[in-house]
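So for the sequence shown, full-length UniProt numbering puts the first residue at 1; every next one is plus one.
Contents: one structure, followed by commentary.
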Amino acid sequence: MSTRDEQLRKDAQEAVEKHKELVQKDPYRLNYHIMPPVGLLNDPNGFIQWKGIYHMFYQWMPFHTGHGAKFWGHYTSNDLVHWQEERTALTPSEWYEKNGCYSGSAIAHNDQLYLFYTGNVKDEKGERESYQVMATSKDGIHFEKQGVVVQLPEGYTAHFRDPKVWQQNGKWYMVVGTQNHQQQGRVAILQSDNLTDWKHLGDVTGAHTKQLDAFGYMWECPDLFHLDGKEVLVVSPQGLQKEGDKYENVYQSGYFVGDVDYSTGEMQHGAFHELDQGFEFYAPQTTEDEHGRRILVGWMGVPDQNEEAHPTVQYKWIHTLTLPRVLTLKEEKLYQNPVEELSSLRGKETIHQQVRIQTQEISLQDVEGDSMELYVQLHSVEADVVEIQFRNHARLIYRPSTGKLTLERKSFVDYQTESRSCTLQNLSTLRIFMDTSSLEIFVNNGEEVFTSRMYPYEENNSVIFGTNGTVLMDVHKWDMGK
Ligand code: FRU
Numbered sequence: 001m002s003t004r005d006e007q008l009r010k011d012a013q014e015a016v017e018k019h020k021e022l023v024q025k026d027p028y029r030l031n032y033h034i035m036p037p038v039g040l041l042n043d044p045n046g047f048i049q050w051k052g053i054y055h056m057f058y059q060w061m062p063f064h065t066g067h068g069a070k071f072w073g074h075y076t077s078n079d080l081v082h083w084q085e086e087r088t089a090l091t092p093s094e095w096y097e098k099n100g101c102y103s104g105s106a107i108a109h110n111d112q113l114y115l116f117y118t119g120n121v122k123d124e125k126g127e128r129e130s131y132q133v134m135a136t137s138k139d140g141i142h143f144e145k146q147g148v149v150v151q152l153p154e155g156y157t158a159h160f161r162d163p164k165v166w167q168q169n170g171k172w173y174m175v176v177g178t179q180n181h182q183q184q185g186r187v188a189i190l191q192s193d194n195l196t197d198w199k200h201l202g203d204v205t206g207a208h209t210k211q212l213d214a215f216g217y218m219w220e221c222p223d224l225f226h227l228d229g230k231e232v233l234v235v236s237p238q239g240l241q242k243e244g245d246k247y248e249n250v251y252q253s254g255y256f257v258g259d260v261d262y263s264t265g266e267m268q269h270g271a272f273h274e275l276d277q278g279f280e281f282y283a284p285q286t287t288e289d290e291h292g293r294r295i296l297v298g299w300m301g302v303p304d305q306n307e308e309a310h311p312t313v314q315y316k317w318i319h320t321l322t323l324p325r326v327l328t329l330k331e332e333k334l335y336q337n338p339v340e341e342l343s344s345l346r347g348k349e350t351i352h353q354q355v356r357i358q359t360q361e362i363s364l365q366d367v368e369g370d371s372m373e374l375y376v377q378l379h380s381v382e383a384d385v386v387e388i389q390f391r392n393h394a395r396l397i398y399r400p401s402t403g404k405l406t407l408e409r410k411s412f413v414d415y416q417t418e419s420r421s422c423t424l425q426n427l428s429t430l431r432i433f434m435d436t437s438s439l440e441i442f443v444n445n446g447e448e449v450f451t452s453r454m455y456p457y458e459e460n461n462s463v464i465f466g467t468n469g470t471v472l473m474d475v476h477k478w479d480m481g482k
């Protein structure tokens with residue numbers, strides 16, 4: 001451990017101690033999501049289950065609520081629900097990472113935990129350099145940096161980052177998010193037999209993918225995995241133009257499904273699909289756990305999205321991670337459902353069966369609060385509109401004639417109403433996780449998800465169901481504890 005590392009750790013700890021009380025006072029502090037102890041959190045990193053324990057690292061700026069020379073914060077859990085804060089895993093202490101230990105991933109090998117991440121460097125002229133770095137640990141808590149294992153290959157600008165490493169058929173592979181010299185976003189793929197010598201194979205979305213010639217100028221945080229008989233490439237492109245209801249956030253996250261030839265790394269794939277329909281979702285990462293589940297966690301935030309306007313910055317912290325979601329693939333479409341372990345947070349249960357609402361707005365007894373799981377099953381909808389209002393701040397609106405499902409909320413920048421939509425064949429179920437300042441809405445058993453922050457008035461805990469016609473439904477509600 002270098003003196004610089006010790007100093008940075010000390011500084012971060014001091015920042016945590018200094019603002020602890022203020023951070024805890026924030027009414028928007030969440031009850032069951034991963035947050036930074038102080039400062040800014042962005043991408044989930046190094047998500048893995050190792051020796052039974054789930055490890056979740058995250059991009060962390062301890063000193064303020066903006067971006068900068070990132071650390072890796074660290075949480076562990078036995079159940080993906082209750083998380084314990086651990087010693088800071090990485091500090092930007094070495095020359096090859098002096099402007100940030102940027103995003104990366106974890107693997108287990110030879111009884112050790114390995115981290116691969118991007119060392120971000122800005123030289124005296126402000127020019128960027130990018131190094132892929134390896135660190136190892138025997139106990140999963142203390143990490144030793146082994147230095148740079150990948151230098152920037154030819155063909156890319158220094159926007160080359162976020163290595164995701166995995167093993168396949170006895171070989172190691174790494175995908176990295178990149179920008180090529182034509183200012184196109186791409187995913188580079190590398191291969192290694194020993195984790196330290198890496199050979200660049202090429203781009204995953206190779207030359208045959210003409211359709212991607214104008215598909216963003218940089219792709220961040222790639223992830224490539226096998227699921228239900230296919231390969232799935234998850235990536236977060238920057239620079240897509242809004243197209244109807246698609247690509248409405250500043251940057252997007254989505255996936256391609258196809259087949260990969262691992263000798264060349266090339267993927268034959270279908271169209272790009274967005275992973276989430278909400279306002280805040282970016283840079284997700286997956287892992288396969290010891291039960292064989294492919295689990296995804298995202299950052300409930302988006303870069304360059306008026307971050308200073310989030311009211312939590314007054315309390316010296318910002319952002320959270322999403323709940324962990326199990327992925328399944330059906331006919332080349334990803335379905336996402338919250339991990340079943342979350343049911344251990346369920347407190348008091350309220351059930352309303354065969355509720356009929358007719359041209360009215362109603363609240364249901366005991367269906368209120370700031371922290372709940374809500375399950376709504378729609379039996380019949382004879383109406384132009386059916387909607388649920390959350391704490392007089394966000395509204396989910398379904399219009400059966402067009403199949404449009406819309407989430408509206410009050411913007412935290414100017415308090416105007418803003419919306420995100422997608423189109424469904426029909427709406428049958430909604431599983432909604434509300435926390436003090438977040439909503440995660442799983443539609444039709446994971447067919448679509450809306451992930452968003454919301455900052456309602458503290459005293460308003462109402463949930464209101466409304467329609468201009470007739471709706472018959474069942475509603476289950478559980479209070480959600482810490
Ligand atoms: C995505 C990202 C990554 C980078 C990290 C820096 O949000 O920009 O590409 O590694 O955040 O914090």
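Positions of the beta carbon are idealized from the N, C-alpha and C atoms, including for glycine.
Computed from a prediction, not measured in an experiment: that's the story for all the values here.
Query raised in the report: Among the residues of its own chain, which have a CB less than 6 Å from the CB of Ser-192, if the five just before and after it don't count?
Result: Here residue 192 is taken as the residue at index 192 of the sequence shown, counted from 1. In the same chain as Ser-192, and ignoring 5 residues on each side of it, the C-beta atoms closer than 6 Å to its own belong to Trp-172, Trp-198, in chain order.
Query - Chain-order list of residues whose beta-carbon lies under 7 Å from that of Lys-242 (same chain, five-residue window excluded) - result: Your numbering for residue 242 matches position 242 in the sequence shown. Result list for Lys-242: Glu-248, in chain order.
Query raised in the report: Under 7 Å, do Thr-91 and Arg-161 count as touching if we go by C-beta distance?
Result: For this step, residue 91 is matched to residue 91 along the sequence shown. For this step, residue 161 is matched to residue 161 along the sequence shown. Taking the C-beta atoms as reference points, Arg-161 is found no nearer than 7 Å to Thr-91.
Query raised in the report: Is any heavy atom of the ligand FRU found at a distance shorter than 6 Å from the C-beta of Tyr-102?
Result: For the purposes of this step, residue 102 is taken as residue 102 along the sequence shown, with counting starting at 1. Yes; taking the cut-off as 6 Å, the Cβ of Tyr-102 has a heavy atom of the ligand FRU nearer than that.
Query - Glu-97 versus Glu-129, Arg-186, Val-381, residue with shortest Cα-Cα distance - result: By one-based count along the sequence shown, residue 97 stands at place 97. If we check each option's Cα against that of Glu-97, Glu-129 comes out closest.
Report task. Please report the residue range of the beta strand (DSSP E) in which Val-165 lies. Result -> For this step, residue 165 is matched to residue 165 along the sequence shown. 156-168 is the extent of the beta strand (DSSP E) around Val-165.
Query raised in the report: In three-state DSSP terms, what is Leu-240?
Result: The sequence position of residue 240 within the sequence shown is 240, counting from 1. Shown here, Leu-240 sits in coil according to DSSP, grouped into three states, outside any helix or strand.
Query raised in the report: Going by the beta-carbon positions, is the gap between Ser-437 and Tyr-455 smaller than 7 Å?
Result: Here residue 437 refers to the residue found at position 437 when the sequence shown is read from its first residue. Here residue 455 refers to the residue found at position 455 when the sequence shown is read from its first residue. Contact flag set, yes.
Query raised in the report: Would Asp-213 pass as a contact of Glu-231 if the rule is Cβ separation under 7 Å?
Result: Within the sequence shown, residue 213 is the residue found at index 213, counting from 1. Within the sequence shown, residue 231 is the residue found at index 231, counting from 1. No; because the gap between Cβ atoms is not below 7 Å, this pair is not in contact.
**Report entry** Three-way DSSP call (helix, strand, coil) for His-352 in this model
**Finding:** Counting from 1 along the sequence shown, the entry for residue 352 is found at position 352. Looking at His-352 - three-state DSSP - the assignment turns out to be strand.
Query raised in the report: Helix, strand or coil: which one does DSSP assign to Lys-10?
Result: Looking up residue 10 in the sequence shown gives position 10. Lys-10 falls in the helix class under three-state DSSP.
Query raised in the report: Fully enclosed by the region 91-133, which beta strand (DSSP E) runs are 3 residues long or longer?
Result: The region 91-133 contains these whole beta strand (DSSP E) runs: 101-109, 112-122.
Query raised in the report: Residue ranges of each alpha helix (DSSP H) run of no fewer than 4 residues wholly in the UniProt domain "Glycosyl hydrolase family 32 C-terminal" (341-470), ordered along the chain?
Result: Within the UniProt domain "Glycosyl hydrolase family 32 C-terminal" (341-470), no alpha helix (DSSP H) run of at least 4 residues lies entirely inside it.
Query raised in the report: What do you reckon, is the C-beta of Glu-220 under 6 Å from a heavy atom of the ligand FRU?
Result: Translated into the one-based positions of the sequence shown, residue 220 becomes position 220. Glu-220: yes, Cβ under 6 Å from the ligand FRU.
Query raised in the report: What number of angstroms, rounded off, separates the C-alpha of His-310 from the C-alpha of Arg-356?
Result: Numbered from its first residue, the sequence shown carries residue 310 at position 310. Numbered from its first residue, the sequence shown carries residue 356 at position 356. Their Cα atoms are separated by approximately 38 Å.
Query raised in the report: What's the call for Glu-280, buried or exposed, on a 16-neighbour Cβ count within 10 Å?
Result: In the sequence shown, residue 280 corresponds to position 280, counting from 1. Taking a 10 Å sphere around the C-beta of Glu-280, we find 16 or more other C-beta atoms and assign the residue as buried.
Query raised in the report: Any idea which residues DSSP pairs Trp-172 with across the strands?
Result: Residue 172 sits at position 172 when you count from the first residue of the sequence shown. Secondary-structure assignment with DSSP links Trp-172 through a beta bridge to Gln-167, Ser-192.
Report task. With DSSP as the reference, label Arg-29 as helix, strand or coil. Result -> Counted from its first residue, the sequence shown places residue 29 at position 29. If DSSP states are grouped into helix, strand and coil, Arg-29 belongs with coil.
Query raised in the report: Is Arg-161 near the ligand FRU, in the sense that its beta carbon is under 6 Å from a heavy atom of that ligand?
Result: As a working note, residue 161 is residue 161 in the sequence shown. Of the heavy atoms belonging to the ligand FRU, at least one sits nearer than 6 Å to the Cβ of Arg-161.
**Report entry** Given Lys-316 as reference, the closest of Glu-361, Met-372, Ala-15 once Cα atoms are compared
**Finding:** For the purposes of this step, residue 316 is identified with residue 316 of the sequence shown, where counting begins at 1. Closest in C-alpha terms to Lys-316, from the list Glu-361, Met-372, Ala-15, comes Ala-15.
Query raised in the report: At a cut-off of 6 Å, is Ala-283 close to the ligand FRU when judged by its beta-carbon and the heavy atoms of the ligand?
Result: What you label residue 283 is simply residue 283 of the sequence shown in a count that begins at 1. Short note on Ala-283: C-beta closer than 6 Å to some heavy atom of the ligand FRU.
Query raised in the report: Cβ of Lys-70 within 6 Å of any heavy atom in the ligand FRU?
Result: For the purposes of this step, residue 70 is identified with residue 70 of the sequence shown, where counting begins at 1. Yes, the ligand FRU has a heavy atom inside 6 Å of this Cβ.
Report task. Can you grab the Cα-Cα spacing for the pair Gln-268 / Thr-286, in whole Å? Result -> Locating residue 268 in the sequence shown gives position 268, where the first residue counts as 1. Locating residue 286 in the sequence shown gives position 286, where the first residue counts as 1. Separation of Gln-268 and Thr-286 (C-alpha to C-alpha, rounded to the nearest whole angstrom) is 21 Å.
Query raised in the report: According to the neighbour-count rule (16 or more other Cβ atoms, all chains shown, within 10 Å of its Cβ), is Arg-87 buried or exposed?
Result: For the purposes of this step, residue 87 is taken as the residue at position 87 of the sequence shown. Per the 10 Å Cβ criterion, exposed.
Report task. Indicate the three-state DSSP secondary structure (helix, strand or coil) for Glu-308 in the structure shown. Result -> For the purposes of this step, residue 308 is taken as the residue at position 308 of the sequence shown. In this structure, Glu-308 counts as helix in the three-state DSSP scheme.
Query raised in the report: Given Trp-219, which residues of its chain have a CB within under 8 Å of its CB, disregarding the five upstream and five downstream residues?
Result: Counted from its first residue, the sequence shown places residue 219 at position 219. Once the five neighbours on either side are set aside, the close Cβ partners of Trp-219 are Gly-177, Thr-178, Gln-179, Gly-185, Arg-186, Val-187, Val-235, Ser-236, Pro-237, Gln-238.
Requested in this report: Would you please verify whether the beta carbon of Arg-325 is less than 7 Å from any beta carbon of chain B?
Outcome: Among the chains of the structure shown, chain B does not appear; only one protein chain is present.
Query - the ligand FRU heavy atom lying under 6 Å from the CB of Gln-84 - result: Taking the first residue of the sequence shown as position 1, residue 84 is located at position 84. The answer is no for Gln-84.
**Report entry** Endpoints, the beta strand (DSSP E) within which Trp-299 is located
**Finding:** Along the sequence shown, one-based indexing puts residue 299 at 299. According to the DSSP assignment, Trp-299 belongs to the beta strand (DSSP E) that extends over 294-299.
**Report entry** Cutoff 6 Å; reference Asp-474; Cβ partners in own chain excluding five residues on either side
**Finding:** Taking the first residue of the sequence shown as position 1, residue 474 is located at position 474. Only Gln-353, Gln-377 meet the Cβ criterion.
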